[in-house]
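Enquirer:
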Amino acid sequence: MKCDNCGAMSIAVQPLALASDYVAARRHIDDPDATPRWLPERVYGKEFPDVPEQIAAAASEAWVCYSIGQYRASAAMARAVVEATAKDKGITTGGILAKIDALYDQEIIGKGVKEAAHEIRFLGNDMAHGDFVASVPEELIADMLGFLDQFLDEAYQRDAKLTRFREQRLALRGE
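Start counting the sequence shown at 1; every next residue gets the next number (UniProt numbering).
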């Protein structure tokens with residue numbers, strides 16, 4: 001079996017506590033009434049319309065990592081998305097801290113999103129530089145990805161949505 005999302009192998013897990021030998025285990029696996037548990041259980045990314053393709057793909061990958069429990073990888077990808085966005089917006093000098101501040105200074109993002117981007121930076125830096133000593137809670141990464149979505153919305157999607165809305169409104173008026 002293969003994963004519908006990535007094409008990699010999917011694994012079926014069956015409880016084999018009753019099977020003490022290969023033949024018995026094989027019968028259990030072939031049992032049509034047995035319900036396997038498939039791994040990965042869920043794999044999903046996210047679409048980011050109006051975001052440049054490579055940045056959208058990396059943001060979706062952060063969501064994929066989250067969906068399969070790879071929380072450190074998700075944080076590292078989110079950090080990379082923030083920096084790639086700054087570069088795409090023409091901010092190419094300085095470290096990621098300066099790039100986030102420049103996004104704010106150029107009014108590409110607002111103050112709240114700037115603070116969220118810095119939080120993504122802090123967590124992503126910890127993961128990218130090996131400064132992790134405890135496991136990363138799922139809830140923390142879920143919140144981080146919510147902030148990443150807001151960041152991308154403010155940097156790319158909001159203006160594109162507003163432009164489409166305005167065009168539709170004007171079209172209704174015949175303008």
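Using N, Cα and C, we set each Cβ at its ideal position, and we do this for glycine too. Computed from a prediction, not measured in an experiment: that's the story for all the values here.
1) Secondary structure at R79, three-state DSSP: helix, strand or coil?
2) Using the Cα positions of T92 and E175, report the straight-line distance between them to the nearest angstrom.
3) One question on the structure: do E154 and I108 come within less than 9 Å of each other, judged by their Cβ atoms?
4) On a CA-only basis, which of E139, K114 and V64 is nearest M77? Give me that one, please.
5) So what's Q106 in DSSP terms, helix, strand or just coil?
6) Mind checking which residues open and close the alpha helix (DSSP H) that includes S67?
7) Determine the contact status of V81 and L140, defining contact as a CB-CB distance below 9 Å.
8) Here's a check: name, in chain order, each residue in its chain whose Cβ is nearer than 8 Å to the Cβ of S60, leaving out the five neighbours to either side.
Expert: This is what the structure holds:
1) In the sequence shown, residue 79 corresponds to position 79, counting from 1. Note: R79 maps to helix in three-state DSSP.
2) Reading the sequence shown from its first residue, position 92 is the one you call residue 92. Reading the sequence shown from its first residue, position 175 is the one you call residue 175. Approximately 39 Å, taken between the alpha carbons.
3) Along the sequence shown, read from residue 1 onward, the residue named residue 154 stands at position 154. Along the sequence shown, read from residue 1 onward, the residue named residue 108 stands at position 108. Their beta carbons are under 9 Å apart, which means E154 touches I108 by this criterion.
4) As a first step, residue 77 is located in the sequence shown; it is residue number 77 there, counting from the start. Here the closest residue by C-alpha is V64.
5) One-based indexing of the sequence shown puts residue 106 at position 106. DSSP places Q106 in coil when its eight states are reduced to three.
6) In the sequence shown, the residue the question calls residue 67 occupies position 67. E53 to S67 is the span of the alpha helix (DSSP H), which, as asked, contains S67.
7) Here residue 81 corresponds to residue number 81 of the sequence shown, with the count starting at 1. Here residue 140 corresponds to residue number 140 of the sequence shown, with the count starting at 1. No, the Cβ-Cβ distance between V81 and L140 is not below 9 Å.
8) Counted from its first residue, the sequence shown places residue 60 at position 60. Hits under 8 Å: G45, K46, E47 and F48.
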